[in-house]
Amino acid sequence: MSAPLLVVRDLVKKFPGVVALKNVNFDLRAGEVHALCGENGAGKSTLIKLLGGIYPHGSYEGELQVDGRPVTFRGIRDAEHAGISVITQEFALVGELSVAENIFLGRAPRLGWRVDWPEMHRRAAALLADFGLNIAPDAPVRTLGIGQKQLVEIVRAMDKKSRILVLDEPTAALTEQEVEVLLTHLRRLRALGTTCIYISHKLDEVFAIADRITVLRDGASITTLATHDATIPVVIKHMVGREITDLFPRKSRAVAAAPLADVLSVRGLSVAPAKGRPAFLRDLSFELRAGEVLGFGGLMGAGRTELLMHLFGAWGQRLGGEVTLRGQPYARPSPGESIRRGLVLASEDRRRYGLILAQEIGFNLSLSSLPEFTRFGGRIDTPAEQVRNQHFYTSLRVKAPGQHTRAGTLSGGNQQKVVLGKALMTGPTVIMLDEPTRGIDVGAKLEVYELINRLTAEGKAVILVSSELPELMGMSDRVIMLHEGVIGGEFARAEFSQEKLLAAAMGHAHAA
Ligand SMILES: Nc1ncnc2c1ncn2[C@@H]1O[C@H](COP(=O)(O)OP(=O)(O)OP(=O)(O)O)[C@@H](O)[C@H]1O
Ligand SMILES: [Mg+2]
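Residues in the sequence shown are numbered from -18 upward in steps of one, following the working numbering.
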């Protein structure tokens, strides 16, 4: 057994009004993949930000040691010097620069004192190809989707050849296929001697890659387990302090005797990314009924997010087809009009579309519902607003000192809950959820699922986009798989199987 490479002793980290870490002890052995697990707000990201020098020495109590010696990182550079490189949940890419420039940021290959552009592009292309990524090295990063950005960050960090690679929820935005690619690369790096700290809420993934698991709860390290003698239920129990048995609480729905009305009907819909461009979504037709959960699956880039954004009025140029919302044609969607008509979207990219991070939780919750609280003369009825905010704040169990806390200081999973709360506060009839459980811990996931059940029991209809097949199958009454902008297959609950859904996602309609 190798000596600890990194040791953390009696760590305490406080923010105004919050003790993020109250007692963390942890050691990392050279060459292992060590997972950190814990509920939203348990302190995982805070811990690795200390390790990465993002929170410098002096801003916390306790000790860090590398190779048996105490270290005092003044910033990210010091940590990188010690061989630690951290990929945080917040993206660190520069949107205006190209993929290649981002990968080699600060360490571009040079010819004399000039950047060697052809060499940089050649190397970036080789790295991307090695990862099986179909991304152009010269594409500006801002044009990439959230999953592709995540992959570019990973490629960059892996290429820096760090001794300790720290990944904070690297697969939150990846599809199952991409997760496999990433895990394969991690195993390869481990074989070459790289040590890795791996944070994820996806426990099957943790068990597939980690040698040991440390569980954090409420800012304290609870236990460290060797993966081979632990099980998922044991880890969950340490995380939440109770047992969870039914992971997907949706039972196959007893369809009401009277046929339920379609709340949303889409006929032959074709949409281009912009004027003058060819259609990307092509000839889509489907119905959504009251009380139903309609799942949409597909590989990354299949068009699921674009479809939702288009229906909501935030993406694309409609080339053909008809959309009817609650019996009325809906030809020219816009976000404001959608909300008025009871159609709402909780976006997957919470930093771009979901939240105003500098503002309070309460402000964010009521952001889409302001017309409802606006009284005669444009005055906002603050007490009414606060009561409603408090209701959603409590029922979603957002972990924060109060609804006046700024959204930007929340842990990733708690930000996601605020995005959901904001959508639900508009009192919608049709709720479109794009990856609603991304980055959410097991307990909170269950709360989201129960929320979906409550909404549909009230007769609301839900569209659920998810990259996790077990979730999609566990929570949907019907599933449509998209493949490169067209419908690759539609399945009733009784027909669900991973194989069939995947085949449809890849464009091989099942031969049944
Ligand atoms: N900059 C900050 N200011 C104030 N409070 C903060 C700040 N960063 C984190 N916190 C608080 O510290 C606690 C731990 O947060 P942290 O982000 O480490 O959780 P996490 O385990 O990574 O959760 P998640 O799984 O949701 O990402 C939370 O209560 C969070 O609100
Ligand atoms: Mg986190």
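Every residue, glycine too, gets a C-beta built ideally from N, C-alpha and C.
Owing to the predicted nature of the structure, the values given are computational and were not obtained by experimental measurement.
Near ligand 2: residue i beta-carbon under 7 angstroms from a heavy atom
i, result
"Lys25", "yes"
"Asp422", "no"
"Gln70", "yes"
"Asp243", "no"
"Asp111", "no"
"Asp149", "yes"
Contact test: residue i Cβ vs ligand 1 heavy atom, cutoff 7 angstroms
i, result
"Phe(-4)", "yes"
"Leu391", "yes"
"Val(-7)", "no"
"Lys403", "no"
"Asn345", "no"
"Gly394", "yes"
"Val(-1)", "yes"
"Gly22", "yes"
"Gly43", "no"
"Ala381", "yes"
"Gly358", "no"
CA-to-CA distance, residue j to residue i, given in whole angstroms
i, j, result
"Ala63", "Arg144", "8 angstroms"
"Val236", "Arg248", "Note that Val236 scores 47 on pLDDT, short of 50, meaning its location in the model is unreliable; the coordinates nonetheless yield the value given after this. The straight-line gap from Cα to Cα measures roughly 24 angstroms."
"Gly(-2)", "Pro382", "7 angstroms"
"Ile65", "Ala473", "48 angstroms"
"Ser181", "Leu405", "27 angstroms"
"Arg321", "Asp330", "22 angstroms"
"Thr286", "Phe293", "11 angstroms"
"Lys403", "Ala365", "15 angstroms"
"Gly420", "Leu184", "12 angstroms"
"Gly276", "Leu163", "26 angstroms"
"Tyr36", "Ala153", "23 angstroms"
"Ala283", "Ser447", "12 angstroms"
"Pro51", "Leu45", "6 angstroms"
"Val325", "Pro409", "6 angstroms"
"Leu483", "Gly12", "34 angstroms"
"Leu346", "Gly302", "34 angstroms"
"Ala1", "Asp199", "8 angstroms"
"Gly174", "Leu74", "27 angstroms"
"Val460", "Leu170", "37 angstroms"
"Gly87", "Val136", "15 angstroms"
Environment of residue i [buried if 16+ CB atoms lie within 10 Å]
i, result
"Ser202", "buried"
"Ser315", "exposed"
"Ala238", "Confidence in Ala238 is poor, its pLDDT being 40 and thus under 50, which makes the residue's placement unreliable; the coordinate value appears in the next sentence. Ala238 is exposed by the Cβ-count criterion."
"Gln479", "exposed"
"Leu289", "buried"
"Arg313", "exposed"
"Ile213", "exposed"
"Phe85", "buried"
"His102", "buried"
"Gln309", "exposed"
"Val(-11)", "buried"
"Phe357", "exposed"
"Pro259", "exposed"
"Lys142", "exposed"
"Asp422", "buried"
"Asp210", "exposed"
Of the residues the options, the one placed nearest residue i, counting alpha carbons only
i, options, result
"Val187", "Pro151, Glu42, Gly200", "Pro151"
"Glu449", "Glu161, Phe(-4), His102, Thr124", "Glu161"
"Ala553", "Leu108, Val399, Gly56, Val80", "Residue 553 lies beyond the stretch modelled for the chain, which goes from -18 to 493, so this question has no answer here."
"Gln340", "Glu303, Ser350, Gln371, Thr390", "Thr390"
"Arg55", "Gly76, Lys30, Gln70, Ile68", "Lys30"
"Ala295", "Ser319, Gly278, Gly279, Phe7", "Ser319"
"Pro451", "Leu348, Phe261, Leu228", "Leu228"
"Glu71", "Arg104, Gly34, Ser26, Trp98", "Ser26"
"Phe267", "Met456, Gly470, Ala486", "Gly470"
"Arg360", "Val379, Leu351, Gly393", "Leu351"
"Gly257", "Val304, Gln298, Gly49, Ala117", "Gln298"
"Ala60", "Leu32, Gly43, Val75", "Leu32"
"Thr375", "Glu134, Arg168, Glu428, His464", "Glu428"
"Arg387", "Leu109, Leu377, Val399", "Val399"
"His372", "Gln397, Phe354, Gly343", "Gly343"
"Met139", "Lys218, Thr418, Val252, Leu108", "Leu108"
Cβ-heavy atom distance, residue i to ligand 3, below 7 angstroms
i, result
"Gly308", "Summarising the ligand content, the structure contains ligand 1 and ligand 2 and does not contain ligand 3."
Ordered list of alpha helix (DSSP H) runs contained in the segment 25 to 65, each at least 4 residues: 25 to 32, 57 to 62
Within the segment 149 to 199, ranges of the alpha helix (DSSP H) (whole runs, at least 4 residues): 157 to 172, 184 to 190
Alpha helix (DSSP H) runs contained entirely in the segment 379 to 408, provided each spans 4 or more residues: 393 to 405
Inside the segment 77 to 124 only - alpha helix (DSSP H) runs reaching at least 4 residues: 80 to 84, 98 to 111
Every unbroken beta strand (DSSP E) within the segment 236 to 289, with a cutoff of 3 residues, ordered by chain: Inside the segment 236 to 289, DSSP marks whole beta strand (DSSP E) runs of 3 or more residues at positions 243 to 253, 262 to 270, 274 to 279, from first to last along the chain.
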